[in-house]
Structure formats: structure tokens, C-alpha cells
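Q:
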Amino acid sequence: MSLFVRRKVFFNNKSFLEFVPLSTFPNTTCVKSSNEPPPNPADVKHDVIGPPNKTSNLRPVLFYIPPNETQLEQDFRIEREKVQKWNEDFWIKHNSAFLKESNDFRQKKLETLPRDEKTGLSAEEMSEFYKAFLDKNWKTHFSYNFQWYGKNFNLLYLALKVQISKLRGSS
Amino acid sequence: MIYLIVQPTIWGLPRASCRLGGTAVQLFQYSKAAPAISSNHISKTSVSSSKKKQFSPSASVKPATVLPVNSVPLTPPIVEITVPVIGKDNGTSSKPKKSTERDQNAWREYAPAKQSDLTGLYLKLSKIRLTSLVVLTTMGGYAVASAPFDPATFLMASVGTGLTSCAANAINQYLEVPFDSQMSRTRNRVLVQGQLSPLHAVSFAAVSATLGVSALYFGCNPLTAALGASNLVLYTMIYTPMKRVSILNTWVGSVVGAMPPLMGWAACTGHLEPAAWIMAGLLYAWQFPHFNALSWNLRPDYSRAGYRMMSVTNPGLCRRVALRYTGAIIALSCAAPWLDLTNVWFAIESAPLNGYFAYLAYQFYKKSDSSSSRKLFRFSLIHLPALMLLLLVNKKKWFLGNKEELKEVKKPGLLDVEISNVPKLLGAGNVLAATPNDLPPGAQAVVS
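Chains A and B are the protein sequences, given in the same order.
Using my numbering, the first residue of the first sequence is number -15, and each one after it goes up by one.
Using my numbering, the first residue of the second sequence is number 4, and each one after it goes up by one.
#1: Can you tell which of A:G134, A:T124, A:Q58 and A:L118 has its C-alpha closest to the C-alpha of B:Y310?
#2: B:W110 to B:Y305, Cα distance in whole Å?
#3: If contact is defined by three or more beta carbon pairs under 8 Å, each pair taking one atom from either stretch, is the region 375 to 387 of chain B in contact with the region 295 to 303 of chain B?
#4: Could you tell me whether the Cβ atoms of B:Q185 and A:N41 are closer together than 8 Å?
#5: Output needed in chain order: residues of the region 106 to 134 of chain B with a Cβ under 8 Å from some Cβ in chain A.
#6: With DSSP run on the structure shown, which of helix, strand or coil describes B:L199?
#7: Which bits of chain A does B:T316 rub up against, with CB to CB less than 8 Å?
#8: So, A:A143 versus B:L202, is the Cβ gap smaller than 8 Å?
#9: Using Cβ-Cβ distances below 9 Å, what residues of the region 55 to 88 of chain A are close to chain B?
#10: Pairs of beta-carbons, one from the region 311 to 328 of chain B and one from the region 269 to 277 of chain B, closer than 8 Å: are there three or more?
#11: Looking at C-alpha atoms only, which residue of A:L97, A:N121 and A:E112 is the closest neighbour of B:S249?
#12: If contact means a Cβ-Cβ distance below 9 Å, which residues of the region 173 to 187 of chain B contact chain A?
#13: Please go through the same chain and pick out, in chain order, the residues whose beta-carbon is closer than 6 Å to the beta-carbon of B:W289, but skip the five residues on each side of it.
#14: Taking the continuous alpha helix (DSSP H) assigned at A:K123, which residues delimit it?
#15: Can you list, in chain order, the residues of its chain whose CB lies under 7 Å from that of B:T134, leaving out five sequence neighbours each side?
#16: Let me know if A:P36 comes out buried or exposed under the rule of 16 or more other beta-carbons within 10 Å of its beta-carbon.
#17: Straight-line CA distance for B:R190 to B:P264?
#18: Taking a Cβ distance cut-off of 7 Å, strictly less, list which residues of the region 294 to 310 of chain B are near chain A, in chain order.
#19: 8 Å is my cut-off, CB to CB: does B:G197 come that close to chain A?
#20: What is the rounded straight-line gap between the Cα of B:N234 and the Cα of B:M266?
#21: Check B:K246 in the structure and name its three-state DSSP category.
#22: Just to confirm my understanding: we take A:F137, look at its own chain, exclude 5 residues before and 5 after, and list those with CB closer than 7 Å. What are they?
#23: In the DSSP assignment, the alpha helix (DSSP H) including B:N252 goes from what residue to what residue?
#24: Consult DSSP for B:L184 and reduce its assignment to one of helix, strand or coil.
#25: Inspect the CB distances between the region 42 to 52 of chain A and the region 27 to 34 of chain A and report whether three or more fall short of 8 Å.
#26: Within its chain, find whatever has a CB closer than 7 Å to the CB of A:F74; leave out the 5 residues flanking it on each side and keep chain order.
#27: Cutting at 6 Å between CB atoms, please list the residues of its own chain near A:Q58, excluding the five before and the five after it.
#28: Which residues in the same chain have their Cβ closer than 8 Å to the Cβ of A:N79, if we skip the five residues on either side of it in sequence?
#29: List, in order along the chain, the chain A residues whose C-beta lies closer than 8 Å to that of B:R247?
#30: Could you tell me which residues DSSP pairs with B:E112 in its beta bridges?
#31: Taking 8 Å as the threshold (C-beta atoms), are B:T140 and B:L286 in contact?
#32: First and last residue of the alpha helix (DSSP H) that includes A:F89?
#33: In chain A, which residues lie less than 8 Å from B:V210 when you measure between Cβ atoms?
#34: Could you give the distance in angstroms between the alpha-carbon of B:A350 and the alpha-carbon of B:A338?
#35: Could you tell me if A:T54 is buried or exposed, where buried requires 16 or more neighbouring beta carbons within 10 angstroms of its beta carbon?
#36: Note down the Cα distance separating B:R182 from B:N346, rounded to an integer number of angstroms.
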């Protein structure tokens, strides 16, 4: 797998963001970005949310299991875990595909250019890929979108049920 | 409240100034704190390492993918790299770390919702800047309407529209969490960050929608309330999913943007006279050069997150439409005196403003790049408030509570369209919805 790095460069008094292969920096020390590890579940008494996953960009939530968890609460928690996993899987797959395909596109495009112009592709040239990627994934996006809405509404409904039962219990 | 006043956004010069500020700060930080990232150093790095691999120095200096600074791509760096500092650099190789960055990477309690933070979170959830802009256009619509000014109705129209907008934005965020997580522009939203639970956000939306629509219904009139409610539905149930389904989303989004001045007008007169559609039309048309220019630099983001924006799927159309609608703005500005909304001076005074807007759109049309699109986008932020101001200053008739005059002016409701048809009418043709040509055939007859 080829790694790419985003960086800001200054060129002709303008700054740009560019993607460069990691191999451009052979002397580089490469540090996996060190996020705080998740807390020990035994120590926390509530749900916790972590930093975004580097590929899916989603923030993972660890769900606290109270000792006297009711059936409703358990259903809700398990459903949330399921949906979280489902979202995570989709975006990891999707974002990796985007990265890989955009790199392939770039490589291919660069090969066709004459040697002295092998300096990189502009956003204009990449726009061809952006369009192709969107068009290719239309069905995927469409079905993901509405499946997500369904799951999200279901979670809302479960959350409401839990909330109501809590209110009843406390009164 | 102070927040509202201090924020420049509300006065319509919003994102440009914020963006400018943000960019300046970023550049400063990068140039000062992270010299190792600048291009000279990188070329040096690769030169020094050329024994291992053949690297042409120019290849590493010239960007592999040149993207304008403002379009920060959504992906975080896959790996964080530390480029070794070369030689006599003053040793500051560490990347600039904002104090919030560590909080971003920490594990914290999910949706704690402490009472003290709630106000701030609710303001973020309602996208308060956008909501303020919406309220301003409603106020504008009310102010230019041809009926006496009534402070109570005016207040209720503003509050009602504001609350409805808060609700719309909260629901939008509830629906968009995984998508918002993907883009740097949106990943700080409260639900993405887990600062509020979805149920909490939706409850907030339900309460403000109820209050907002009630304020419009009881404080103004049923027409205004119906417009408000249909705009809420249009935004959350049609526009939001449509972003990933069809390129038409920009037209629908423009209708959403054009509704607030109509609501203001309807709150004032109780009807939608032809002149009401001028201001709505201006707002509708304005969205295209504004948004198309903005979205031009966000193409990588939209592509990956699945947003079917014109700038990605049909760049040619994106440029043409931006230019076309600046022409529509000129036409509408000239139609304003003709429909008795303003005096003739408005057409003359707005000509240079609209002309320059059209000129920038033409530049963008001719050569679309990050520079021309940014110029167009920035000017759009000045253009709209300036045009609204001119409209207000040149208003033809001021009604200072003179009921006699009102009766004289009040023609039969020229455009008493069935409310249920309004969104359909606006969205249907995907053409400039609010020009007089698009009025239903019956209405034309009444005008003449």
C-alpha cells in the first residue's frame, strides 16, 4: 500500500496543499499519529467518544454497560453498536477505494504526459476523476444514504423509548 | 446577544472575513512555526537522499496535486510525518499544535449536556450565523413590502422565522452525521463531536419548530406559517437527501434560500403580490454565482463524500449557470421599478454593482480556477447586502401607518397561489422561479 501525505507548500508566493507519496521523504521518521488510547471500560461510568478514525473519519463511541441495565437499554445499546460497526465498515471501504483509485488515476495520467511536464496534476485535471468516482458510486451512495436514514430513525425511536421508561421510573 | 453583534457574519460579510482571517492565521503559523514544511526544505531533503532513489528536485517542489488553500481536503493526513530539519534551521520542527487539537484527540464523555454549555451548543446546532442571515432577509422582505410597518408582527415574523430555521438546521445535522464527519468544513458540528445526543438535538428541533411555526401562525398569518412550514419540509426532507441523489439539489437549495423574504413580505401584507417575488427572485438567483463559486474549490471533498454537486458532475453547467443568473439579477433589478417596488433610481444605482458581479461571473465562466472562483465568491458576500440596502433605500412608497393609503394600494391578491403549490411552482421548472414570467397563467391576466 502506498502512503500519501498532505502538506502545505509555498510556490510563487502562493500556498497550496499537495498530496505527495511518502516515499518522497526517504529520511522521514514516520509516526503513526498517536491518539490517546481508549479508557479502561471499568473506569468510566458513561459512554465515551474518541478521536476520529483516520480512514473512516468517524468518531468511535464506547458504550457503558450499567450494572442494572434494563432490556430496553440493552436493545438500544446493541443496536447502536451494530449501526456504528456498519457505518465504520462502509466508510473505511469507501474512503480507501477513493484514495486508491485517485492514486491510480494520478499515476496513469502522469505516465501519459511528456517527460518534462511530469510535475503533478492540477485540481482541474483531477476533476475528471472526481466526476468519474461520483458517477460510478451513485448507487452505493444512494443506498447507503437511505439505509442510514432508516437506521438513524430506528435509533431515535429506541432512544425515545429508553428515555420515556427512565422518566416513568424516576417519577 | 453580544455574540450576534460581534460576529461579522450577520452583516453579510461573513465567511469572507472569517476565511481571510483563518487563512492569514494559518499561513502565519505555518510560515513561522513549521519552516520544515516549506518547499525549499523538502527539495533539500530529496536532494540529500538522491543516492537511494532518483528524484528530480523539481518534482518534489512542484505540487503533485495543486489545490487551493481554502479547499482543505477532508482526509486527515494518513500518517503524520516529521520532515527532518536541515542544518541551521532554528529548530522549530514541531507542527503547530493548537490547544484544541489535543482535546480533539482525547476520549471524552459522550453527550454530557451540562446545563452551562447548553446555550452554546444550541446556538451551534442552529447554525446561528446562517440563521441570522435568514432572519435578516426576512426582515428585508418585511421592510420592502407595501403595507404599514407593525412592530409586533415584524418581531413575530423575525422570531418565528429564526426558530424555524434553527429547527431546520438541527434536523439537518441529525440526518447528516456520517457525511458531516467526512468534510473538514463540517466535522466540528456538535453531533459529529458527540456533544449532544441525537434525541436531544431532535427534541430541540421539535420544540423550536413548534414555537416558530406557531409564532408565524398566531403572530403573523396562516400564509406565513404555511410558507415557513413548507420551507422546513423542503430543506430537511427534500434538499438534504437530494444532495447525494441529483444535481438538481442546488436549484432546490436556492428555493429554500428565496423563501425567507417571501415570508417577511407575507407577514407584512398577508398576500404575495408580484413585487414580493422580486426580492425572492434576487435571493434565488444570487445563490448560483455564490454557491457555484464556493463549490468549485470543494470538488475533491464533494466527490469523496458522495455529494452530487454541479461543480463535480457538470463543471460546464456550473460555470454557465453562475453567469446566467447574474444576468437574471440585472433583469430583476430592472423589473423592480416596473413593478412599483422601487423608484427608477434603484435600477440605475444597482447597475454597477450587478455589472461587476456579472463581470466576475464572466471571468469565472471564461477561466474557472481557484482564483476566479474565489473572487466571485467573495464579491457575492458584498453584493447581496449592498443590493438589499439599495432596495430598501429606494423603496417607492413608505407606509407609516396610513391606513387610507393602504386601502388604495392594496390590489386584489395578484398571486394568491395555493400554498401547497408554492414549492412545486418554485422548484418545478428549475428555471428562475420568481420572475413574473413564471407566474401562473391566471395571474398574468390579473396584472394586465
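All residues carry an ideal CB built from backbone N, CA and C; glycine is no exception.
Just so it is clear, the structure is predicted and the values come from calculations on it, not from any experiment.
A: Reading it off the structure:
#1: A:L118
#2: Going from the Cα of B:W110 to the Cα of B:Y305 covers about 29 Å.
#3: yes
#4: yes
#5: Q107, N108, A109, W110, R111, E112, Y113, A114 and P115
#6: Assignment of B:L199 by DSSP, reduced to helix, strand and coil, places it in the coil class.
#7: K115, L118 and D119
#8: yes
#9: For the region 55 to 88 of chain A, the beta-carbon criterion of a distance under 9 Å to any beta-carbon of chain B is satisfied by N71, F74, W75, H78, N79, F82, L83 and S86.
#10: no
#11: A:N121
#12: Y177, L178, V180, P181, F182, S184, Q185 and M186
#13: L387
#14: W122 to S154
#15: G165, S168, C169 and N172
#16: Here A:P36 is buried: its Cβ has 16 or more other Cβ atoms, across all protein chains shown, within 10 Å.
#17: Cα-Cα distance, rounded: 30 Å.
#18: Within the region 294 to 310 of chain B, the residues whose Cβ lies closer than 7 Å to some Cβ of chain A are R302, P303, S306, R307 and G309, listed in chain order.
#19: yes
#20: Whole-angstrom Cα-Cα distance: 10 Å.
#21: If DSSP states are grouped into helix, strand and coil, B:K246 belongs with coil.
#22: none
#23: N252 to T272
#24: According to the sequence provided, residue 184 of chain B is Ser. The question's Leu does not apply to it. Coil.
#25: yes
#26: Y128
#27: none
#28: T39, S40 and N41
#29: H125, F126 and N129
#30: A:V32
#31: Cβ atoms of B:L286 and B:T140: closer than 8 Å.
#32: Q55 to T96
#33: Neighbours of B:V210 on chain A: none; closest Cβ ~14 Å, over 8 Å.
#34: 8 Å
#35: exposed
#36: What sits at residue 182 of chain B in the sequence shown is Phe, not Arg. Computed Cα separation, rounded: 47 Å.
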